[in-house]
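In our numbering, the protein residues as written are 537 to 753.
Glycine residues also receive a C-beta, built at the ideal position from the N, C-alpha and C atoms.
It should be emphasised that the depicted structure is a prediction, and the values quoted were computed from it without experimental measurement.
This is the structure in structure tokens:
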């Protein structure tokens, strides 16, 4: 409005040329300044728009990052919940195993005590009977072995004596038979040779006598 008033005054009032040129220069300078201000404002507006866009982009990126972080947190929570459930299941299983082991231990202890008790008495009585049975068996076996050994030894000694007697009889019989046979054979041979000698000499003597008698002498 001030600029419009100044223009109206210039149109109405006759001004000298230098002043008019000066005013024109001033107006041109004002216009240039206004244009520069407009350009600056436009640049500022553009910068602000760019900053807004950048901020929006950054916000979008931050939102995306936040969403990703939220998703990651949700996944981590789910994983933690799953791990917690698994740990609880494992804990329950371990407790069940512990209870089963304790129950088995109690049963084992009960049965072990029970069987140990009966086994101890059974072993005691068994050992008692076994001891007496072994004692009597040993006694019986000792006397039986002694009797069998003495009987067997006596029988073997008798057999050995009989064998020695047979061998002695056979030896003496063989020796006597051999000596008798040899003596008889020697005597018979001697007698035979002696008889033959005597017979031959007698024959020679008879022949000589007969020859002597028949001699021409």
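Length of the line joining the Cα atoms of residue i and residue j
i, j, result
"residue 613", "residue 622", "14 Å"
"residue 619", "residue 606", "19 Å"
"residue 708", "residue 687", "31 Å"
"residue 627", "residue 641", "20 Å"
"residue 592", "residue 580", "18 Å"
"residue 625", "residue 636", "16 Å"
"residue 559", "residue 571", "18 Å"
"residue 631", "residue 603", "41 Å"
"residue 596", "residue 569", "39 Å"
"residue 705", "residue 695", "15 Å"
"residue 586", "residue 566", "29 Å"
"residue 594", "residue 583", "16 Å"
"residue 645", "residue 615", "43 Å"
"residue 690", "residue 697", "10 Å"
"residue 638", "residue 609", "42 Å"
"residue 650", "residue 643", "10 Å"
"residue 554", "residue 588", "49 Å"
"residue 590", "residue 575", "22 Å"
"residue 573", "residue 563", "15 Å"
"residue 598", "residue 611", "19 Å"
Status (buried if at least 16 other CB within 10 Å, exposed otherwise) for residue i
i, result
"residue 747", "The pLDDT assigned to residue 747 is 47, lower than 50, so where the model puts this residue is not dependable, and the model offers no usable value."
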